[in-house]
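Everything on this sheet refers to the single structure shown next.
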DNA sequence: ACCACATTAATTGTCGACAATCTAAAAAAT
DNA sequence: ATTTTTTAGATTGTCGACAATTAATGTGGT
């Protein structure tokens, strides 16, 4: 199913559609990481002209999913341990900022909605133990809402439109499912409380720590997978 | 004159050239902020086809200098007080991170080069009092080098390639010249010392404060200019 | 057998033209 | 006169073809 992301322009043009489709395929791995992209081939596959495909490639480059070299071509981003660290350092910093701002700028009803979402998670988790999709989407929603709560449009764009797809790509392809649910739940709860108390400093700190834990989790998985091959 | 920026792919293709040219014109204000962009007109002006121009527009969008709407068109970013705050919140966070990382990862000779740069600034300032260009370029160099020192490729790209042009645009068009030189010098010195002592926390804090001061400085200028008109 | 060079094939960059969409001016209706 | 509809103009999105550059193949020399 196609999860539609927040704060995204509606899909009107043909290149929009190609962009969204390719993005999903790259994140999910059907277009494999590190592989070269042939413009004529993919244009044929999506049934569009090369100009349209190139438009989509440009946008994919903007969210770090493909890399481009002049007169050489495009290739899908390669998932490496170094890049994971780099991206998470940035994410931690930015989402920490978002959380601090959210503590000041979130409306009471937004906080209320966040709490409801968390309770809903708890319910869903008990019922559908181990179902990864809900956990993925739920965690995503949680982070998205806090980022929105920062009320900083530039920051929101940076995180939700540019950075998050790459982060999802790591999570999905490392098979980050199931684990860490209960721990993440407690961490989420603590963050909400800090926001509700308008304690920006604490909220920022907790969010940074939460993301660091998430990073460590992915990292071990990554090391295991790379050691295997 | 054309200052060539660090970490940029060499200008090989025609759209590269148009991108660099338009970027300078937008930053300097010859293409005025907030104005609509006519693809056919600019294509003719730069002597390239629309496809080439659109490629350049895509890249300008990636560094936040133009905004695009489907089936409507492109317009140059508008300089507003709100956006200034938003961008500087992000900049402060990211460049703080860069500075903290630099304290750990910068090579001794890099730190040495940074100190020499600062001394050089002091000399140039005394000789050419009030000359804005050197101050601009010098300050830019200082920040660039520290960002490079973070050794985080993603962070470097984010700051140097994506965010900095917009920041320069504010500085240039607000006429940020001359003032704050001596104060900025002391702040730069303190930051270098923290980096040299591998005191990441202090370095981050000082950099954030330095950027906040810079923001306040621009903001007052902005308020003055907007109050006039 | 290995390396250097030339030639060929494939890929990317660029162009001009057409189709789809939006904006604005003119016409019609209330 | 004001609002709505229509129509015309202009702008953007998309396409297929050509030019320029790169990668691959084959050839000759040592």
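Residue numbers (full-length UniProt numbering), protein chains in the order written: chain F, 1 to 229; chain P, 1 to 229. From the three backbone atoms N, C-alpha and C, an ideal C-beta is built for every residue, glycine too. None of these values were measured; they are calculated from a predicted model.
Taking the Cβ atoms as the reference, residue 147 of chain F lies roughly 12 Å from residue 110 of chain F, outside the contact range of under 8 Å.
Going by DSSP, residue 67 of chain P is part of the beta strand (DSSP E) stretching over 66 to 69. Excluding residues up to 5 positions away in sequence, 165, 168, 169 and 172 lie with their Cβ nearer than 7 Å to the Cβ of residue 27 of chain P in the same chain.
The Cβ of residue 17 of chain P sits no closer than 7 Å to any Cβ of chain F. When DSSP states are grouped into helix, strand and coil, residue 63 of chain P belongs to the coil group. Under the Cβ distance rule, residue 58 of chain P counts among the residues neighbouring chain F, one pair being separated by less than 7 Å. Within the same chain, and ignoring the five residues on either side of residue 68 of chain F in sequence, the residues whose Cβ sits closer than 6 Å to its Cβ are 61 and 74. Listed along chain F is no residue with a C-beta nearer than 7 Å to that of residue 198 of chain P; the closest approach is about 17 Å. Using a CB distance cut-off of 7 Å, residue 8 of chain F does not count as an interface residue toward chain P.
In terms of beta-carbon proximity, residue 81 of chain P stays away from the interface with chain F, with every pair separated by 7 Å or more. Less than 7 Å divides the Cβ of residue 194 of chain F from the Cβ of residue 202 of chain F. Beyond the five residues adjoining it in sequence on each side, residue 136 of chain P comes within less than 6 Å, by CB distance, of no other residue in the same chain. The bridge partners DSSP lists for residue 75 of chain P are P:36 and P:67.
For residue 87 of chain P, the C-beta contacts it makes with chain F under 7 Å involve 154, in order along the chain.
CA-CA distance, residue 154 of chain F to residue 45 of chain F, rounds to 35 Å. Under the three-state reduction of DSSP, residue 156 of chain P is assigned to helix.
Contacts between residue 62 of chain P and chain F, judged by CB atoms closer than 7 Å, involve 62 in chain order. Sequence-distant partners of residue 88 of chain P (beyond 5 residues in either direction) whose C-beta falls short of 6 Å from its own C-beta, in its chain, are 215.
Taking CB atoms only, residue 226 of chain F has no neighbour in chain P less than 7 Å away. Contact check for residue 149 of chain F and residue 102 of chain F: beta-carbon distance about 3 Å, within the 8 Å limit, so the pair qualifies. It is roughly 21 Å from the alpha-carbon of residue 159 of chain F to the alpha-carbon of residue 118 of chain F.
Within 8 Å of the CB of residue 53 of chain P, no CB atom of chain F is found; the nearest one sits about 13 Å away.
Taking 7 Å as the cut-off between beta carbons, none of the residues of the region 102 to 116 of chain P comes near chain F. With respect to chain P, the C-beta atom of residue 212 of chain F has no partner C-beta closer than 7 Å. Closest in C-alpha terms to residue 225 of chain P, from the list P:163, P:186 and P:81, comes P:81.
When the five nearest sequence neighbours on each side are left out, the beta carbons in the same chain lying within less than 7 Å of the beta carbon of residue 59 of chain F are those of 19, in order along the chain. Shown here, residue 198 of chain P sits in coil according to DSSP, grouped into three states, outside any helix or strand. In the DSSP annotation of this structure, residue 9 of chain P is not part of any alpha helix (DSSP H), being labelled neither H nor E. Residue 204 of chain F counts as buried, since no fewer than 16 other beta carbons sit within 10 angstroms of its beta carbon. Annotation for residue 48 of chain P: no alpha helix (DSSP H) segment contains it, and DSSP assigns it neither H nor E.
Straight through space, the alpha carbons of residue 188 of chain F and residue 142 of chain F are spaced by roughly 8 Å. Around the Cβ of residue 50 of chain F, a 10 Å sphere holds fewer than 16 other Cβ atoms; the residue is exposed. Here the alpha carbon of residue 64 of chain F sits roughly 25 Å from the alpha carbon of residue 140 of chain P. Chain F places a beta carbon closer than 7 Å to that of residue 70 of chain P, counting this residue as a contact. Taking the C-beta atoms as reference points, residue 174 of chain P is found nearer than 7 Å to residue 221 of chain P.
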